[in-house]
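Going by this note's numbering, the first residue of the sequence shown is number 56, and it counts up by one from there. All residues carry an ideal CB built from backbone N, CA and C; glycine is no exception.
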Amino acid sequence: MTEKDIAKIRKFSRFTFPFDFPRKDDEIDTTEKQLQIIINILKRGGENLRKFIISSLYALDIISFFSEGGDFLSLDETRTKRLLIKLTTSSRKTPQNIFRVLRFISTISFWDSFGNEKIGFKIPQRRDDIPKISWEIPEEEPKIKIEGYRGVKWDIERIKFGKFVRRDIRIVSDVIVVGSGISAGIISERLTREDISVSILEKGYFIDAEIPSVFLSQSSELLGMFPVSSIANINAFFGKGIGGLGNLSFSIFEKMPDDAKEIWRKFHGVSTKEIFLDFATKEAEEVINSKGNGNANSRSETIEKISEFFRTEPKSFNKIKGEKVNLLTGEEVFSPEKLIKYAVHFGANLYLGFEVEKISRGKKWFVEGKIKDEFGNIKANFIAESKAVFLCGGPYGNTKILWNSGFKEKTLGRKVKIHPAGLITAIFKSPQEQKDSSNYIELSKEGIFIKEIKLTPGVWSSIFPGMFGPDLVKTAKKYPFSRTFIFWFREAGDSYFVKTPFGVILRTNLKGEDIAKFLFAIREISLALLSCGAREVYHPIRSVPPFTSPDDINNSNIEKVKPNQLEILSIFQTGGCPIGFSSDTGLCDSTGRVFGEKSLFIPDSSSLPDSVLVPPMLTSASVGMLSANSFIERKNFILK
Ligand SMILES: Cc1cc2nc3c(=O)[nH]c(=O)nc-3n(C[C@H](O)[C@H](O)[C@H](O)COP(=O)(O)OP(=O)(O)OC[C@H]3O[C@@H](n4cnc5c(N)ncnc54)[C@H](O)[C@@H]3O)c2cc1C
Numbered sequence: 056m057t058e059k060d061i062a063k064i065r066k067f068s069r070f071t072f073p074f075d076f077p078r079k080d081d082e083i084d085t086t087e088k089q090l091q092i093i094i095n096i097l098k099r100g101g102e103n104l105r106k107f108i109i110s111s112l113y114a115l116d117i118i119s120f121f122s123e124g125g126d127f128l129s130l131d132e133t134r135t136k137r138l139l140i141k142l143t144t145s146s147r148k149t150p151q152n153i154f155r156v157l158r159f160i161s162t163i164s165f166w167d168s169f170g171n172e173k174i175g176f177k178i179p180q181r182r183d184d185i186p187k188i189s190w191e192i193p194e195e196e197p198k199i200k201i202e203g204y205r206g207v208k209w210d211i212e213r214i215k216f217g218k219f220v221r222r223d224i225r226i227v228s229d230v231i232v233v234g235s236g237i238s239a240g241i242i243s244e245r246l247t248r249e250d251i252s253v254s255i256l257e258k259g260y261f262i263d264a265e266i267p268s269v270f271l272s273q274s275s276e277l278l279g280m281f282p283v284s285s286i287a288n289i290n291a292f293f294g295k296g297i298g299g300l301g302n303l304s305f306s307i308f309e310k311m312p313d314d315a316k317e318i319w320r321k322f323h324g325v326s327t328k329e330i331f332l333d334f335a336t337k338e339a340e341e342v343i344n345s346k347g348n349g350n351a352n353s354r355s356e357t358i359e360k361i362s363e364f365f366r367t368e369p370k371s372f373n374k375i376k377g378e379k380v381n382l383l384t385g386e387e388v389f390s391p392e393k394l395i396k397y398a399v400h401f402g403a404n405l406y407l408g409f410e411v412e413k414i415s416r417g418k419k420w421f422v423e424g425k426i427k428d429e430f431g432n433i434k435a436n437f438i439a440e441s442k443a444v445f446l447c448g449g450p451y452g453n454t455k456i457l458w459n460s461g462f463k464e465k466t467l468g469r470k471v472k473i474h475p476a477g478l479i480t481a482i483f484k485s486p487q488e489q490k491d492s493s494n495y496i497e498l499s500k501e502g503i504f505i506k507e508i509k510l511t512p513g514v515w516s517s518i519f520p521g522m523f524g525p526d527l528v529k530t531a532k533k534y535p536f537s538r539t540f541i542f543w544f545r546e547a548g549d550s551y552f553v554k555t556p557f558g559v560i561l562r563t564n565l566k567g568e569d570i571a572k573f574l575f576a577i578r579e580i581s582l583a584l585l586s587c588g589a590r591e592v593y594h595p596i597r598s599v600p601p602f603t604s605p606d607d608i609n610n611s612n613i614e615k616v617k618p619n620q621l622e623i624l625s626i627f628q629t630g631g632c633p634i635g636f637s638s639d640t641g642l643c644d645s646t647g648r649v650f651g652e653k654s655l656f657i658p659d660s661s662s663l664p665d666s667v668l669v670p671p672m673l674t675s676a677s678v679g680m681l682s683a684n685s686f687i688e689r690k691n692f693i694l695k
């Protein structure tokens, strides 16, 4: 084993752990320790392990050479990332195994450099080297408030990284917020500005916008859920980390349309505050816009283009621009992560890697769970005590917590709405070739929405899980102009929770007519794109080649396609803990307060009782805002 080999392992581990952000430069310097640990592991591992690792490294070089044109160490950042994505998503066994072996080795080394003994390797002289981190709960003194949030940085002193924890922790605070998605962000930001002490418990870590989908995809929680097959998709379900699912959004926040509000008023008990959504939406937008560098009320060019392209009516929406890159589309988006940053700035404590399992109530609320690292290894337990709890873990997260807490009769059987969606990529030879055509149907009349998104590895992987890196580059070069669309149905599909030996999971109930509609959408959109001059249309039907002419569509016997051949994305999950008139019709009232509980709130996408017919992030944010406002009004009563 040479120094070069060790350097390769270190490089590998650097790229496979994109999560350890942010931290002070001087806080944890793992490099030297990691090196020492790699050497120790190799010394102790015996001849066979050494041979095994060396041959894996050798194979890594060969694969790097053939895919990216150089040995592993010589590859620059982009190529390295591409290569790693390719390895993890390869359908062949060898690259997968190489990846696993190397990741295991680098996990141990990376990991142990923070003093984790559970992994099974004890390195004696290490003890003194362990970085000293104080786990005392910081004083709850309100921080100095400054006007305007631009330039606010993460207040690292208020963030606890679960991966460094080595003993059980007790947290005390006025309010516990579970999750760190858009609703959690809005609520935490609002409450901390009122000098209420808030602790945010998030099971994930910081999400690296470029590569993590690959690494987040290995989740056992996905068992039995919607037939997901792609990485972007899996990531969407998992919703892990600061910013929650907002990290995957298309960057557009849309207001709930009037007809949807009408449905809500009639069936879901929001008549108590008829206009609350408009009111809260306005406020939520303000919070988001004032702090992002966004341009409120601007029209999305994409929507305009698509509307023109498909001759449909543009909808009203706000586009909020930000700095974060969308995992799915590669676009710049406003990330809910920012709201959490502001909340932390105003004094909230953020606990990362803290997965809530259950809640119980005595004189106070007790929120219990496990402290985990990024890979799900349990490091310790925690118990948090508070006077009020906001559950903002999304439909799956919240329902699971409530189920574990004995609320099962209230949540089980409550439906979760999901929107089946699909991706279609059209390849044009040149932009000029894209003809105007009036032959297509008006999709919105059929209840099908379509939005253009950028072609990124995440999107591509949803179309062809095998196509990555150089293949993608080759295709892109061959076809200089391509457009990718996501389509989804206005009518949401139902899914429901069931208990299995693996825990509570979400099962979809996709009916035959949903499948038929999905196929209809593929057919019509493909035809429209072909008639607009597309050379090839990549569609979400497995084992049917891309369409190159309308005849291909007719000959492919699309109506005979089986459901398991479809690459269906599930987006816009809502429900599970719905708002209703009373405890007979819902779990919480229109401010997200759980019926019968003074201080338990569920104000996020899980309390939206139905599909909101448009992307639901702003509506989720609105419910959060409404809940925070009503909490603040009654804070003396709740917190006394
Ligand atoms: C691919 C995709 C694209 C989308 N695009 C758009 C769009 O363009 N516009 C739009 O408006 N909407 C969009 N949405 C929907 C939108 O992202 C979500 O509806 C919204 O972000 C939900 O926010 P939330 O706060 O309710 O929950 P989430 O964002 O799901 O946040 C929940 C958080 O809680 C954490 N958590 C869960 N369980 C626990 C636990 N037990 N302990 C601790 N933490 C836990 C999770 O890690 C997560 O961070 C999209 C969704 C997807 C999947």
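In or out: E688 buried (at least 16 other Cβ within 10 Å) or exposed?
So E688 counts as exposed.
Of the listed residues E410, I211 and I226, nearest to G296 (C-alpha basis)
Closest by alpha carbon: E410.
Name the residue from N95, R105, G101 and L112 whose alpha carbon lies nearest to the alpha carbon of S63.
Looking at the sequence itself, residue 63 is Lys, so the reference to Ser does not match. When the alpha-carbon of K63 is set against those of N95, R105, G101 and L112, the nearest one is in L112.
Own chain residues within Cβ distance below 8 angstroms of T149, not counting five before or after
A114.
Just grab the DSSP bridge partners of N404 for me.
In the DSSP output, where bridge partners are listed per residue, N404 has S254.
Grab me the residues of F154's own chain with a C-beta within less than 7 angstroms of its C-beta, minus the 5 sequence neighbours each way, in chain order.
For F154, where only same-chain residues beyond five positions count, the Cβ hits under 7 angstroms are L142 and T143.
Per DSSP, R648 is paired with what?
According to the DSSP secondary-structure assignment, R648 is paired through a beta bridge with F656.
Would you report the Cα separation of I433 and I426, rounded to the nearest angstrom?
The alpha-carbon atoms of I433 and I426 are separated by roughly 6 angstroms.
Between the CA atoms of I570 and G477 - distance to the nearest angstrom:
Using only the alpha carbons, I get a separation of about 11 angstroms.
Cβ-based neighbour list, D210, same chain, cut-off 7 angstroms, excluding 5 preceding and 5 following
Excluding sequence neighbours, D210 sits near V399 and H400.
Within 10 angstroms of its Cβ, does F692 collect 16 or more other Cβ (buried), or is it exposed?
Burial is judged here by how many other beta carbons sit within 10 angstroms of a residue's own beta carbon; F692 has fewer than 16 and is exposed.
For D313 and V669, the rounded distance between their alpha carbons:
Whole-angstrom Cα-Cα distance: 11 angstroms.
Select from L565, S598, S604 and P600 the residue whose C-alpha is nearest the C-alpha of L584.
L584 has its Cα closest to that of S604, out of L565, S598, S604 and P600.
Would you check if the distance between the CB atom of F575 and the CB atom of P475 is smaller than 8 angstroms?
Judged by their CB atoms, F575 and P475 are not nearer to each other than the 8 angstroms cut-off.
Check E58 in the structure and name its three-state DSSP category.
DSSP places E58 in helix when its eight states are reduced to three.
Integer Cβ distance of K413 from N459, believed to fall under 8 angstroms
That pair is a contact at about 4 angstroms.
Nearest-angstrom Cα separation, counted from I251 out to R222:
Between the C-alpha atoms of R222 and I251 there is a straight-line separation of about 27 angstroms.
Are the beta-carbon atoms belonging to I505 and I580 less than 8 angstroms from one another?
In this structure, I580 lies closer than 8 angstroms to I505 by Cβ.
Could you tell me the alpha carbon to alpha carbon distance between N609 and L139, rounded to whole angstroms?
Straight-line measurement puts the Cα of L139 at about 39 angstroms from the Cα of N609.
Determine the extent of the alpha helix (DSSP H) in which R207 is found, giving its start and end residues.
The question names Arg, but residue 207 in the sequence shown is Val. Unbroken run through V207: none, as it is neither H nor E.
For the alpha helix (DSSP H) that contains I242, what are its first and last residues?
In this chain, the alpha helix (DSSP H) harbouring I242 covers I237 to R248.
Quick check on G101: buried or exposed, where buried means 16 or more other Cβ atoms within 10 Å of its Cβ?
Flag for G101 reads exposed.
Report buried or exposed for P391, applying the criterion of at least 16 other Cβ atoms within 10 angstroms of its Cβ.
Result: buried.
Tell me the rounded alpha-carbon separation between T640 and F121.
One C-alpha to the other measures close to 60 angstroms.
Near ligand 1: M311 beta-carbon under 7 angstroms from a heavy atom:
False, no ligand heavy atom lies under 7 angstroms from that Cβ.
Can you check DSSP and say which residues form a bridge with I473?
For I473, the beta-bridge partners assigned by DSSP are G548.
Between the alpha carbons of G647 and T480, how many angstroms are there, rounded?
Annotation: G647 to T480 spans about 40 angstroms, alpha carbon to alpha carbon.
Whole-Å CB distance - D659 paired with C447, under 8 angstroms assumed
Between C447 and D659 the Cβ distance is about 4 angstroms, and since that is below 8 angstroms, they are a contact.
Of all the options F421, K396 and F542, which has the alpha carbon lying nearest to the alpha carbon of E212?
Nearest of F421, K396 and F542 to E212, Cα basis: K396.
If you draw a straight line from the alpha carbon of K470 to that of L663, how long is it in whole angstroms?
Approximately 11 angstroms between the Cα atoms of the pair.
F47 - DSSP class collapsed to helix/strand/coil:
The chain is shown only over 56 to 695; residue 47 falls outside these bounds and no answer can be derived.
Got a sec? Which residues, its chain only, sit under 8 angstroms from F127 by beta carbon, not counting five neighbours each side?
Hits under 8 angstroms: K63, K66, F67, L112, L115, D116, S119, T135 and L138.
Are L407 and G240 closer than 8 angstroms when you measure CB to CB?
In this structure, G240 does not lie closer than 8 angstroms to L407 by Cβ.
Compare the C-alpha of R225 against each of L256, I438, K321 and G234 and name the closest.
The shortest C-alpha separation from R225 is found at I438.
Looking only at its own chain, which residues have a Cβ that is under 6 angstroms from the Cβ of R597, when we skip the five neighbours before and after it?
These residues qualify, in order along the chain: Q620.
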